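Numbering (this note's numbering), first residue to last: 30 to 290.
Below: one structure, written as structure tokens.
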Amino acid sequence: MLCRCLAGLLLATAATSADANAWTQRKGKGQVIVKAETMRAKEGYDPSGAVLPLPMEREDRSLGVFAQYGLTETLTVQFKGDWQSGEDAFVDYDGRGPVELGVAWQAYRDDRNAVSLYAGYSISGDGRNAGYAAPGAGEQDWEVRVSAGHSLGGPGRGLAGGWGPDRSFVEIQAARRMRDGLPDETRADFTVGGHFGEGWMVLGQAFGGMTDGGGARWLSVETSVVRNFGRWSLQAGWRRTVAGRETPLAEGAVIALWRRF
30 MLCRCLAGLL
40 LATAATSADA
50 NAWTQRKGKG
60 QVIVKAETMR
70 AKEGYDPSGA
80 VLPLPMERED
90 RSLGVFAQYG
100 LTETLTVQFK
110 GDWQSGEDAF
120 VDYDGRGPVE
130 LGVAWQAYRD
140 DRNAVSLYAG
150 YSISGDGRNA
160 GYAAPGAGEQ
170 DWEVRVSAGH
180 SLGGPGRGLA
190 GGWGPDRSFV
200 EIQAARRMRD
210 GLPDETRADF
220 TVGGHFGEGW
230 MVLGQAFGGM
240 TDGGGARWLS
250 VETSVVRNFG
260 RWSLQAGWRR
270 TVAGRETPLA
280 EGAVIALWRR
290 F
């Protein structure tokens, strides 16, 4: 299983540090990302982690917005929200997903390294507020998160003997989500990335988490390519669940449009 996870991550070497949460936005700068994704699952993980067929195919669709804006040189406000629809053997749903507002503080930053702390509050919606839960389950959440990143290389200094990216970074995040109406969660995310010239980026990410009380667990990997057009960027990728418990084995395409300002 570890080899499968590493393989998914090593497919990518992705973006600039500005695209990672460890590096907050500068004062007066920001970005908006509109993302569409469709996840399908014919199988799921049972309480022991074994893969079993679902009663019928499950499909979850979402159109979301993620926005960041630098209030000061060290404080960035963040917003997340989406509209969801989908169906499985038990439910057919269509409605707003969770809406989250939070603030990230740049605790440390130098030429290569960055650390940020984030706190956010989320109001649940009619969609899936957690991937393992039924639509509409949950009421409100609080999340605290720490992100640490390290950048490598620089313009004109490709890695791996000139064949690698001009600039690359690694980032790890750890979070605790306190939920009302659903079990509390512990989460960990990992990103590796690189910038190939000014026009291309490639991203590799892993998203993992577990609920308190020995409930659901999940680990997904995502790889994507980003094409830059000045202040605009177009992202296309694929995400797949590679391990879990009491969660669907889902996979599907991810498409996003970025706008920096």
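Backbone N, C-alpha and C define an ideal beta-carbon position, used for all residues, glycine too.
Everything numeric in this text was worked out from a predicted model, so none of it was measured.
Sequence-distant Cβ neighbours of E86 in its own chain, meaning closer than 8 Å and more than five residues away, are R69, A70, K71 and D117. An exposed status is given to M207, since fewer than 16 other beta-carbon atoms sit within 10 Å of its beta-carbon. C-alpha of F236 to C-alpha of T215: approximately 11 Å in a straight line.
For L81, the CB contacts under 7 Å within the same chain, skipping 5 residues up- and downstream, are E72, G73 and D75 in chain order. Between W287 and S253, the beta carbon gap of about 11 Å keeps them out of contact (Cβ cut-off 8 Å).
One Cα belongs to T103, the other to A177, and the distance between them is close to 15 Å. CA-CA distance, L146 to T105, rounds to 10 Å. One alpha carbon belongs to P277, the other to G244, and they sit about 13 Å apart. Counting C-beta pairs closer than 8 Å gives three or more between the stretch 113-127 and the stretch 155-163, which meets the contact rule.
Looking at S180, G149 and N142, the one whose alpha-carbon comes closest to that of D170 is G149. Shortest Cα-Cα distance from R269 to any of R256, E66 and G167 involves E66.
Using a 10 angstroms sphere on the CB of E168, the tally of other CB atoms stays under 16, which defines it as exposed. Bounds of the beta strand (DSSP E) holding R125 are D121 to R125. C-alpha of K56 to C-alpha of Q135: approximately 12 Å in a straight line. When DSSP assignments are scanned along the stretch 209-233, no uninterrupted stretch of alpha helix (DSSP H) that is 4 or more residues long falls wholly within it.
From the listed residues A51, Q60 and Q54, the smallest Cα separation to R289 is found for Q60.
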